[in-house]
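Protein chains in written order, with my numbering: chain A, 14 to 378; chain B, -18 to 328; chain C, 13 to 102.
For reference, the structure is listed below as structure tokens.
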Amino acid sequence: MKYIDEYRDPQLARNLLDEIRRKTTRHWTIMEICGGQTHSLIRNGIDQLLPDSIELVHGPGCPVCVTPLESIERALVIASRKEVIFTSFGDMLRVPGSSKDLFMVRSEGGDVRIVFSPLDALQIARDNPLKEVVFFAVGFETTAPANAMAVYQAAREGIENFSVIVSQVMVPPAMRAILSSPGNRVQGFLAAGHVCAVMGYEEYEPVALDFHVPIVPTGFEPVDLLAGILKTVELLEEGRAEVVNRYGRVVSREGNRVAQETIGMVFEVIDRQWRGIGLIPGSGLGLKPDFSCYDAEKKFNVTHICTGESPLCMSGSVLQGMMKPDACPAFAKECTPEHPLGATMVSSEGACAAYYNYHRNAYSL
Amino acid sequence: MTIAPVCPSPIMQHETVQMAHGAGGRLSQTLMQQVFMPHLNNAFLDLLDDQAKLDLPAGRTAFTTDTYVVSPVFFPGGNIGELAVNGTVNDLSVGGAKPMYLSAGFVLEEGFSLSELETIVKSMAEAARKAGVMIVTGDTKVVGKGQCDKIFINTSGVGIIREGVDLSCRNLRPGDSIILSGTAGDHGMAIMTSREGLSFQSQITSDCAALNSMIAAVLDAVPAIHAMRDPTRGGVAATLNELAVSSRVGIEINEASIPVKPDVRGACELLGIDPLHVANEGKLVLAVAEEDAERVLEVMRSFDHSRDAVIIGSVVNDHPGMVVMRTVFGSRRIIDLPLGEQLPRIC
Amino acid sequence: MCLAIPGKLLEIFDENGLKMGTVDVNGSITRACLEYVPDIQIGQYTIIHAGFALKIIDEEEAAESLKLWQELIESGAFQPDEDCPSPESL
């Protein structure tokens, strides 16, 4: 597969690993922001191959994991309504609310459908004019252009039976929150390559400067990840708090301006709750007033949402890189993918699920 | 002017399945005579008795049942009828049995197209002929609109287990080679990419096939095969886990050795799905002593649907009950059972 | 967070006023919205996420960085450290 196989080349990976070992003189703690990168690192066992002195901690970049319980509860209530066809990326179907998930709503008679693109949800709205079609618009900056276009296009075509539950979050405010936390151990970041494909990396330059950390936009294939780790180590060893791009085939400094414009037309920056972490100011996107008629939460006027997280779940610490998943007392005991206590055990991107799927009993390997 | 009152006679020609088709009356007979019998006729079925009376050859009998509810009913590379015959033929074959007789039970949704039903019945007859089995008894029920999805088919089957073979998922021994008969994930991805709402225009073809001739040839050549399974739901990953758990051994597989078709791989990458977790309907996983493995491969590769057969790993003493993959980078990871339905994901 | 996979653009068409395309992902053909890559040409590779092309892959950059790594290997800049365990020994 062009642009994938080259970056899974074992020889190239081995050479990069050797170079990382040669360059590393002391212990460094590096956070990969994106859950997709966590998944790839663990799935390919890159973490087992790195020198012990490089510690990777897993970041909060999993929209499924950080979508607040309240949004999920609202989604469950709306999806249960008779007149609603509820559409979602496959990722969200198993995420537990306080007492159930979207699969259970479907089993109780809710019309819950999986879509690959938000435009597919819009098509369902065109095809079912007598139904209300609701799309669960979750995501980081990568998914924002797709979600924004669905709303923009609905407005352009005057499709009125379409609305969205927005749970859009953004990386830079989360990075600042992690770096400002008193328990922070992160010394350098692999920035999420596909977020940067949309947003570019200009906005990371002040973060690097303010907190004196190197930030390296990085891809998702093993060779990309190793190249990103190598660059981060080099910057750390040289004491340089800079932003250096290691995903040049996809990321430019300015990002995708057309996509940014559409995001700006439909969404505005808002404060946002992150599941397991709490409120991060200016970390979310909400619909602009002009598009508020596409806000499903307003359309269906869902109030009185009671939520309750499991007291055992430590996903907040995991998401902020303060705790490794297998250090949680509930890991693989009370909390498994079959019976997840928190969202990090559900999503294939969630650090807990990645550890459970690929690493459980790693000592016995 | 005189008006001759004439009662309108009921419509007897239908294009779709009616509740009356399952009511045992005249429409039921019409359905039998027009749709089922022209294709499925044989000495047993033609008697139209409530049961088939079989003379089974001497030996141990294998008996299996499976129900097919695939959606969409027609998919690239096959349809539910073909699947229902081949699936049961394969379930008998992997136990070392020669499949002989099948039953077929149909649950039809009111409103389902009769011409589509006929196409399905026709391909069942064709699949049975190819596999050398007979459908000797059957049943049809009709349920109201929305109470099933177009058509569900149950097939049960009996076969005679050949002498001198001892196939069981408890038989794996350390040192055994694990063989996969071809590419992983074809059927499941053919189904997923042909579903609506996933934007695919793809023509991934299901691997749906009867494996009994190939399995018979393998057992002729190497009777001492330890275990065989067809990796259907849950994919190769689920089958390997079942084998490891039942035999209380570890299995180690090699990432680089797993064959996956290019388009299947492309769709898996795009949807974030592991081909090892995706269903197959014409593949075989087999465990055999290392010294016999090459002979088995040679026989398998002489059949079209298993020409890509390959050794994907071996049975080990370590980590009993667990399947571990050695990645192309030299690291290892656990291959777990998939949780449930494979969902396309964006993250 | 974001699964995005490279694919090659096969054709461009209009649907509901949106610029759309068919994309070949290793032989699997899918559709993607091209609104965010207005300059894309047939035959170019793009990264697809949630049914949207997000960026035309910079082929020159890709070739250059791969070449650079290859040259580093050939020039011996990557010197395996004898004391480090090789991946095989793990």
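Ideal Cβ placement from N, Cα and C applies to all residues, glycine included.
What distance in whole Å lies between the Cβ atoms of I293 of chain B and L161 of chain B, which are believed to be in contact at a cut-off of 8 angstroms?
Translated into positions along the second sequence, residue 161 of chain B becomes position 180. Translated into positions along the second sequence, residue 293 of chain B becomes position 312. 5 angstroms between Cβ atoms; contact.
Alpha carbon to alpha carbon, what distance is there between A75 of chain C and Q82 of chain C?
Here residue 82 of chain C refers to the residue found at position 70 when the third sequence is read from its first residue. Here residue 75 of chain C refers to the residue found at position 63 when the third sequence is read from its first residue. Each residue's alpha carbon lies about 10 angstroms from the other.
When the Cα atoms are used, what is the spatial distance from V124 of chain B to I61 of chain B?
The sequence position of residue 124 of chain B within the second sequence is 143, counting from 1. The sequence position of residue 61 of chain B within the second sequence is 80, counting from 1. Distance between the alpha carbons of V124 of chain B and I61 of chain B: 18 angstroms.
When you compare the stretch 82 to 94 of chain A with the stretch 291 to 303 of chain A, are there three or more beta-carbon pairs, one atom per stretch, that lie closer than 8 angstroms?
Too few Cβ pairs lie closer than 8 angstroms, so no.
Which two residues bound the contiguous alpha helix (DSSP H) that contains S101 of chain A?
Taking the first sequence and counting its residues from 1, one reaches residue 101 of chain A at position 88. Counting along the chain, S101 of chain A falls outside any alpha helix (DSSP H), though it belongs to the beta strand (DSSP E) covering V97 to S101.
Using the beta-carbon count (16 or more within 10 Å), is T308 of chain B buried or exposed?
Start at 1 with the first residue of the second sequence, and residue 308 of chain B comes out as number 327. T308 of chain B is buried by the Cβ-count criterion.
Please report the distance separating the alpha-carbon of T231 of chain A from that of S52 of chain B.
Numbered from 1 along the first sequence, position 218 holds the residue referred to as residue 231 of chain A. Numbered from 1 along the second sequence, position 71 holds the residue referred to as residue 52 of chain B. Near 39 angstroms, if we compare the C-alpha coordinates of S52 of chain B and T231 of chain A.
Run through DSSP, which three-state label would C47 of chain A get?
Looking up residue 47 of chain A in the first sequence gives position 34. Reduced to three states, the DSSP call for C47 of chain A is strand.
Would D339 of chain A count as contacting chain B if we go by Cβ distances under 8 angstroms?
Indexing the first sequence from 1 puts residue 339 of chain A at position 326. No - not a single Cβ of chain B is within 8 angstroms of the one on D339 of chain A.
Starting from L200 of chain B and walking both ways along the alpha helix (DSSP H), at which residues does that stretch end?
For the purposes of this step, residue 200 of chain B is taken as residue 219 along the second sequence, with counting starting at 1. From DSSP, the alpha helix (DSSP H) with L200 of chain B extends over N193 to A202.
Using a Cβ-Cβ distance cut-off of 8 angstroms, determine whether S175 of chain B contacts chain A.
For the purposes of this step, residue 175 of chain B is taken as residue 194 along the second sequence, with counting starting at 1. It does not: the Cβ of S175 of chain B has no partner Cβ on chain A nearer than 8 angstroms.
Determine the chain A residues that contact K67 of chain C at a beta-carbon separation under 7 angstroms, and present them in chain order.
The sequence position of residue 67 of chain C within the third sequence is 55, counting from 1. Correct list: A210, V263 and N269.
Please say whether K79 of chain B and A197 of chain B have beta carbons closer to each other than 8 angstroms?
Position 216 of the second sequence, counting from 1, holds the residue named residue 197 of chain B. Position 98 of the second sequence, counting from 1, holds the residue named residue 79 of chain B. Yes. Within cutoff.
For chain C, check one thing: does any of its Cβ atoms lie closer than 8 angstroms to the Cβ of H207 of chain A?
Here residue 207 of chain A is taken as the residue at index 194 of the first sequence, counted from 1. Interface residue, yes.
With 16 as the cutoff for other CB atoms within 10 Å, does P342 of chain A come out buried or exposed?
For the purposes of this step, residue 342 of chain A is identified with residue 329 of the first sequence, where counting begins at 1. Flag for P342 of chain A reads exposed.
Using a Cβ cut-off of 8 angstroms, pull out every chain B residue sitting near M14 of chain A, in sequence order please.
As a working note, residue 14 of chain A is residue 1 in the first sequence. The answer, in chain order, is P243, R246, G247 and E250.
For D244 of chain B, which residues in the same chain have their Cβ closer than 6 angstroms to its Cβ, ignoring the five residues on either side in sequence?
Working through the second sequence from its first residue, we reach residue 244 of chain B at position 263. The residues are I185.
What would DSSP say about C78 of chain A, mapped onto helix, strand or coil?
Here the question's residue 78 of chain A lines up with position 65 in the first sequence. In this structure, C78 of chain A counts as helix in the three-state DSSP scheme.
Which ranges does the beta strand (DSSP E) cover as unbroken runs of at least 3 residues, wholly within the stretch 172 to 213 of chain A, from first to last along the chain?
Counting only runs of 3 or more, we get 175 to 182 and 201 to 205.
On the three-state DSSP scale, how would you describe Y48 of chain C?
For the purposes of this step, residue 48 of chain C is identified with residue 36 of the third sequence, where counting begins at 1. The answer is coil: DSSP assigns Y48 of chain C none of H, G, I, E or B.
Compare the C-beta of Q50 of chain A against all C-beta atoms of chain B and say whether one is closer than 8 angstroms.
Within the first sequence, the letter at position 37 stands for residue 50 of chain A. No, because no Cβ of chain B sits closer than 8 angstroms to the Cβ of Q50 of chain A.
Over what stretch of residues does the alpha helix (DSSP H) that includes R282 of chain B continue unbroken?
As a first step, residue 282 of chain B is located in the second sequence; it is residue number 301 there, counting from the start. A274 to R282 is the span of the alpha helix (DSSP H), which, as asked, contains R282 of chain B.
In the structure shown, what three-state DSSP assignment does M14 of chain A receive?
As a working mapping, residue 14 of chain A is identified with position 1 in the first sequence. M14 of chain A falls in the coil class under three-state DSSP.
Taking only beta carbons into account, state which residues of the stretch 67 to 96 of chain A come closer than 7 angstroms to chain B, listed in chain order.
Within the stretch 67 to 96 of chain A, the qualifying residues are C75, P76 and V77.
Excluding the five sequence neighbours on either side, which residues of its own chain have a C-beta within less than 7 angstroms of the C-beta of T245 of chain A, listed in chain order?
Here residue 245 of chain A refers to the residue found at position 232 when the first sequence is read from its first residue. Same-chain partners within the cutoff: I43, G201, L203, P227 and V229.
Using the Cα positions of D120 of chain B and F17 of chain B, report the straight-line distance between them to the nearest angstrom.
On the second sequence, residue 120 of chain B is found 139 positions in, with the first residue counted as 1. On the second sequence, residue 17 of chain B is found 36 positions in, with the first residue counted as 1. Going from the Cα of D120 of chain B to the Cα of F17 of chain B covers about 10 angstroms.
Look at the alpha carbon of H258 of chain B and the alpha carbon of F102 of chain A, and state the distance between them as a whole number of angstroms.
Indexing the second sequence from 1 puts residue 258 of chain B at position 277. Indexing the first sequence from 1 puts residue 102 of chain A at position 89. Answer to the nearest angstrom: the Cα atoms are 19 angstroms apart.
Apart from the five residues on each side of it in sequence, which residues of its chain come closer than 7 angstroms, Cβ to Cβ, to E233 of chain B?
To locate residue 233 of chain B, count along the second sequence from 1; it is residue 252. Cβ within range, chain order: G294, S295, V297, V305 and R307.
With a threshold of 8 angstroms between beta carbons, is E83 of chain C in contact with chain E?
Going by chain labels, chain E is absent from the structure shown, which instead holds the protein chains A, B and C.
Could you tell me the distance, in whole angstroms, from the CA atom of V118 of chain A to the CA atom of R126 of chain A?
Locating residue 118 of chain A in the first sequence gives position 105, counting from the first residue. Locating residue 126 of chain A in the first sequence gives position 113, counting from the first residue. Approximately 11 angstroms, taken between the alpha carbons.
Should R326 of chain B be flagged as near chain C, meaning a C-beta pair shorter than 8 angstroms?
Indexing the second sequence from 1 puts residue 326 of chain B at position 345. Chain C, which has a Cβ nearer than 8 angstroms to the Cβ of R326 of chain B, makes this yes.
In this structure, what does DSSP give as the bridge partners for S32 of chain C?
Sequence index remark: in the third sequence, residue 32 of chain C carries index 20 (1-based). The displayed chain sequence assigns Met, not Ser, to residue 32 of chain C. C:F25 and C:C45.
L66 of chain C by DSSP, collapsed to three states: which one?
Translated into positions along the third sequence, residue 66 of chain C becomes position 54. Here L66 of chain C sits in strand by DSSP.
Quick check: what's the CA-CA separation for Y371 of chain A versus Q136 of chain A?
Looking up residue 371 of chain A in the first sequence gives position 358. Looking up residue 136 of chain A in the first sequence gives position 123. Near 37 angstroms, if we compare the C-alpha coordinates of Q136 of chain A and Y371 of chain A.
Where does L80 of chain C fall in DSSP's three states?
Working through the third sequence from its first residue, we reach residue 80 of chain C at position 68. Reduced to three states, the DSSP call for L80 of chain C is helix.
What are the residues of the stretch 34 to 46 of chain C that lie near chain B, defined by any Cβ-Cβ distance shorter than 7 angstroms?
If the cut-off is 7 angstroms between Cβ atoms, the stretch 34 to 46 of chain C has T34, V37, N38, G39, S40, I41, T42 and R43 near chain B.
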